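Trainee: Okay, handing you the structure first.
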Amino acid sequence: MKRIFLNKLFLVSSAALLFVYGIIYACGGGDDWDFFGYNSNFTPEAFADKSYAPLFLSGDIFYGIGFDTEHNSRFNEDIKSDWETYLKGKADTATVNYFLIGEKTPMYSSEKKTAQNKADITQLHVFYKNKKENQTSLKWGKKINLKEAKIKSFIEFLYLAQKIETVSIGEDYWSYDPAVAKTFKDLKMIQSIENVYNTTADPFLKNRYWFLTAKAYFYSSNKKKTIEFFNKTEASVPKNVLYYRALSYVAGVNHQQNKFATSNYLYAKVFDKCPQLRTVTAYCFKPKNDADWIKSLAMAKNNKEKAALWAVHGFYKDEAEAIAKIYDLDPKSEHLNYLLTRLVNQQEQDINNSFEVKTNSDDYNAPAEKQTIVENREANKAVIKTKAFDLVAKIAAAGNTEKPYLWDISLGYLQTLKGDYAVADSNLNKAEKTMPKTELAGYQLRLLRFVNNLSKIDKLTDKNEKTILADLNWLYQELPKTYKGQEFRYQNAAQWSKNYLATLYRAKSNPVMVELFGGDSHSNSYYWGGGNAYYDNEKNLLDMKAFLTKSNKSEIEKIGVGIYYLKLKDINSFQAVQATYKNKIAEAITFIQQADSVQYAVLLGNPFNGNIKDCHDCDHTANQKKKYSQIEFLNTIKAMQDKLAQKEEVYTNSLLLGNAFYNITHFGNARTFYETSIVGYGSSPYSFRDSMKRMITNCDLPKMYYQKALEAATTKEQKAKCIYMLAKCERNEYYNNKYNNLKNWWEADEDKINFLAWSGFKALKKDYSDTKYYQDVIAECGYFNTYVNQ
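In my numbering, the protein residues as written are 2 to 791.
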């Protein structure tokens, strides 16, 4: 069992009790930090009350929200609703909201409305105290009857409440440093609030002043009075939300006094009875040791209180143990529902959905080994905890919980993971009979049935293929388009099923279908640049093109094409890139013309420019008289090659062709020419798989054309430029040879070589130092300048 401790993680907030403890010890039970349901098929929101949602299994502090930041607003709606009911007919909703929360009324549209409402409350208090009209009373007197007793009681309560808010309301943020607690030091003011509580006859107001008194003492310099006041008065107070909010203050003071057993017992009571505070009390609940925990259990007055203690304990520790204890105490306990979702989600954590097993190779580029269906099934079966499974099976069989269908559907899913598919069907069918007819519950049942049905298939046949077609279309096409919620966890099943089908087709030696269903997981994804090595094999490429263009596809083939992340245009574009690097420009033009809109993609820099510095960003921002699309680029290369074949302008055409082929290498300004989903993407050539790395770093073609240009050059300036361009190719070749054969280029030995005297550098210095181009190189190329001045 893994525990994550985040020491010194403090919360600044207005929530009662929070500043008195500070240290989180959350996320027990083996949570992965990145777990947010993406490796899960089981949606807890379908069955557990939303008040438990932050406590669902998560690698973060709280599921879905990270940190709890609702401390200043958690009860806003309750407060507004209560006062609106009390003032019914005396003030409209907008007015009540304005005075309570600071929301806009027709009278105020300023963004400073919150500060204004406090000022208005103060001035209305002055009006009631002095019995003299002021600007604020005249203004509000036109909208509400200030002489109405309930209106006066409302304003006077808010006047006292906002005094306490000066210390209770803080910034909603988390910090790794302790929050400095604010203290309300006006004890006379607190006494006056308590006096109003003692003398008020109205039950609604009396309840509010009772809570305000408890809150004031909690934030005061005499916190023990919180407990004294609560104990003295609690018998006469209704057990409503305000009661449990006050009880949480009492728990907080006990925690501050190091009475952890009492504190945790009280937190559990609040957790049980006040759903709005479940996140807060779960965070605050912290037995310091087993002795504290045993003492807390001993304080419980009945089975429901013991169950509540175990409900919070299970959030931090062992869900299975907590479920077993609660079930023995109170089988109908609502807390069992959220704990069961955590237990099921826990069982999913070690399930291998990828059908891959990473090798022990030291090469971080080494691909994972593929599992067969049987190997994957046995491996996953082994990670299901027997204790957890047997517990769920026992409780499901009894059928005496609050939601028996939840136990049936959970057991059915666990049986699927264990490979008991027929029994899983039975339990899923049993769950359907009594489960709620909500969309989310229905989706969950359908998803788990699909997972069970696909898991049954060891070998694809025409018959069993038909059993999954409707669900595949639902999963891949319908849900992404029609499901508007955030809760339903279908993405994991979608990816798992693709991997499953790819594995089935691998067993049938059908590489095209393997690629269709498994290609978007990128079999070579261990490369940072992505890409797809499937297309390095020409037979694979041609087979895929033939498949995509055939008209008589089966239903499952149509599904595969529909989800495949590549289209025919992507393959044609890749072939155009390959042909270009092979200097087969006519073929490249034919392929790019079949690549739809890709042919019109504009290159960011002028690919025919050859600069001293390799700076693609500089080339991209430089003024360009003409922008070249990919088709224009290839057509221009073809035209230059045709002229070169006719011996026309040999120097110029050779130099420009050298620049063009140089710029489509990784070192040039036209990387977007080769950056595709098949080739890959990356700012470093080592982001790419070996075949693509060799292709995009090879300078043989530009070197050939620069050599032709040199041979045709007629002036020293022309020759100097050609020699320098050849030197750049020589430099690139040196580094290619140095790094290309490394398994991990980060571990390359530092050879202390700051520069080498390339043959081009030597020739440039020896024979062309009197050229202007030589001076330009010295000015721009620090590498060459270092060589010259060594």
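Even for Gly, the Cβ is constructed at its ideal location relative to N, Cα and C.
Quick caveat, the model's predicted, so the values are computed rather than measured.
Between the region 707-717 and the region 649-668, are three or more C-beta pairs nearer than 8 Å?
Mentor: These segments touch.
Trainee: When the Cα atoms are used, what is the spatial distance from residue 397 to residue 439?
Mentor: Distance between the alpha carbons of residue 397 and residue 439: 21 Å.
Trainee: Mark residue 601 as exposed unless 16 or more other C-beta atoms lie within 10 angstroms of its C-beta, in which case mark it buried.
Mentor: Residue 601 is exposed by the Cβ-count criterion.
Trainee: Which same chain residues end up closer than 6 Å to residue 782 when comparing Cβ atoms and leaving out the 5 residues on each side of it in sequence?
Mentor: Contacts found: 613.
Trainee: Looking at C-alpha atoms only, which residue of 351, 350, 352, 369 is the closest neighbour of residue 359?
Mentor: Per the Cα distances, 369.
Trainee: So what's residue 677 in DSSP terms, helix, strand or just coil?
Mentor: Here residue 677 sits in strand by DSSP.
Trainee: Does the beta carbon of residue 563 fall short of 7 Å from some heavy atom of the ligand NAD?
Mentor: This structure lacks the ligand NAD, and indeed carries no ligand of any kind.
Trainee: Assign residue 239 to buried or exposed, taking buried as 16 or more other Cβ atoms, counted over all protein chains shown, within 10 Å of its Cβ.
Mentor: Exposed, since its Cβ has fewer than 16 Cβ neighbours within 10 Å.
Trainee: Rounded to a whole number of angstroms, what is the C-alpha to C-alpha distance between residue 488 and residue 441?
Mentor: Rounded to whole angstroms, residue 488 to residue 441 spans 8 Å at the Cα level.
Trainee: The alpha helix (DSSP H) with residue 723 in it runs from where to where?
Mentor: Start and end: 717-740.
Trainee: What is the DSSP secondary structure of residue 772, counted as helix, strand or coil?
Mentor: Of the three classes helix, strand and coil, the one that applies to residue 772 here is coil, per DSSP.
Trainee: Report yes if the C-beta distance between residue 279 and residue 534 is below 8 Å; otherwise report no.
Mentor: Cβ distance not < 8 Å, so residue 279 and residue 534 don't count as in contact.
Trainee: On the DSSP letters alone, give me the boundaries of the alpha helix (DSSP H) that residue 208 sits inside.
Mentor: That run of the alpha helix (DSSP H) goes 204-219.
Trainee: Exposed or buried, which one is residue 179 when buried takes at least 16 other CB atoms within 10 Å?
Mentor: Annotation note: pLDDT 48 at residue 179 (below 50); position unreliable, coordinate value reported separately. Residue 179 comes out exposed.
Trainee: Looking only at DSSP bridge pairs, what is residue 371 linked to?
Mentor: According to DSSP, which records beta bridges pairwise, residue 371 is partnered with 357.
Trainee: Using only the alpha-carbon positions, how far apart do residue 774 and residue 738 sit?
Mentor: C-alpha separation (whole angstroms): 29 Å.
Trainee: Looking at C-alpha atoms only, which residue of 143, 337, 505 is the closest neighbour of residue 314?
Mentor: Comparing Cα positions, the closest option is 337.
Trainee: Look at the Cβ atom of residue 630, then the Cβ atom of residue 596, and state whether they are nearer than 8 Å.
Mentor: The answer is no: Cβ separation not under 8 Å.
Trainee: Less than 6 Å between C-beta atoms, sequence neighbours within five positions excluded: which residues of the same chain meet that for residue 516?
Mentor: Excluding residues within five positions, the ones whose Cβ falls inside 6 Å are 535.
Trainee: Taking the DSSP output, what are the residues bridged to residue 251?
Mentor: Bridge partners of residue 251: none, in fact.
Trainee: Inspect the CB distances between the region 461-471 and the region 413-427 and report whether three or more fall short of 8 Å.
Mentor: At 8 Å Cβ cutoff, the stretches do not touch.
Trainee: Output needed for residue 588: all residues of its chain with C-beta closer than 6 Å, excluding positions within five of it in sequence on either side, in chain order.
Mentor: Only 580 meet the Cβ criterion.
Trainee: Does residue 158 come out as helix, strand or coil in the three-state DSSP assignment?
Mentor: Helix at residue 158.
Trainee: Rank 727, 665, 736, 334 by C-alpha distance to the C-alpha of residue 687 and give the top, closest one.
Mentor: Nearest C-alpha to residue 687: 736.
Trainee: Only counting the same chain, and skipping five residues up and downstream in sequence, which positions put a Cβ closer than 6 Å to that of residue 111?
Mentor: In this prediction, residue 111 has a pLDDT of 35, which is less than 50 and means its spatial position is unreliable; what the coordinates show is noted afterwards. So no residue of the chain qualifies.
Trainee: Mind checking which residues open and close the alpha helix (DSSP H) that includes residue 98?
Mentor: Start and end: 94-102.
Trainee: When burial is assigned at 16 or more other CB atoms within 10 Å of the CB, is residue 295 buried or exposed?
Mentor: The residue in question, residue 295, is exposed, as its Cβ has fewer than 16 Cβ neighbours within 10 Å.
Trainee: Beta-carbon within less than 6 Å of residue 669's beta-carbon, same chain only, minus the 5 sequence neighbours each way: which residues are those?
Mentor: Around residue 669: 663.
Trainee: CB-CB under 6 Å to residue 183, same chain, minus the five flanking residues each way: which ones, in chain order?
Mentor: The answer, listed in chain order, is 168.
Trainee: Using the Cα positions of residue 219 and residue 72, report the straight-line distance between them to the nearest angstrom.
Mentor: Cα to Cα, residue 219 sits roughly 16 Å from residue 72.
Trainee: What first and last residue would you give for the alpha helix (DSSP H) that runs through residue 696?
Mentor: Where residue 696 is concerned, the enclosing alpha helix (DSSP H) stretches over 691-698.
Trainee: Rank 263, 395, 377 by C-alpha distance to the C-alpha of residue 321 and give the top, closest one.
Mentor: Checking every option, the nearest Cα to that of residue 321 belongs to 395.
Trainee: Does the Cβ of residue 67 have 16 or more other Cβ atoms within 10 Å, making it buried, or fewer, making it exposed?
Mentor: By the 10 Å Cβ count, residue 67 comes out exposed.
Trainee: Using 8 Å as the threshold, is the C-beta distance between residue 420 and residue 382 below it?
Mentor: Taking 8 Å as the Cβ cut-off, residue 420 and residue 382 qualify as a contacting pair.
Trainee: Quick check on the burial criterion: 16 or more other C-beta atoms within 10 angstroms. Buried or exposed for residue 649?
Mentor: Residue 649 is exposed by the Cβ-count criterion.
Trainee: Going by DSSP, which residues form a beta bridge with residue 67?
Mentor: Answer is 63, bridged to residue 67.
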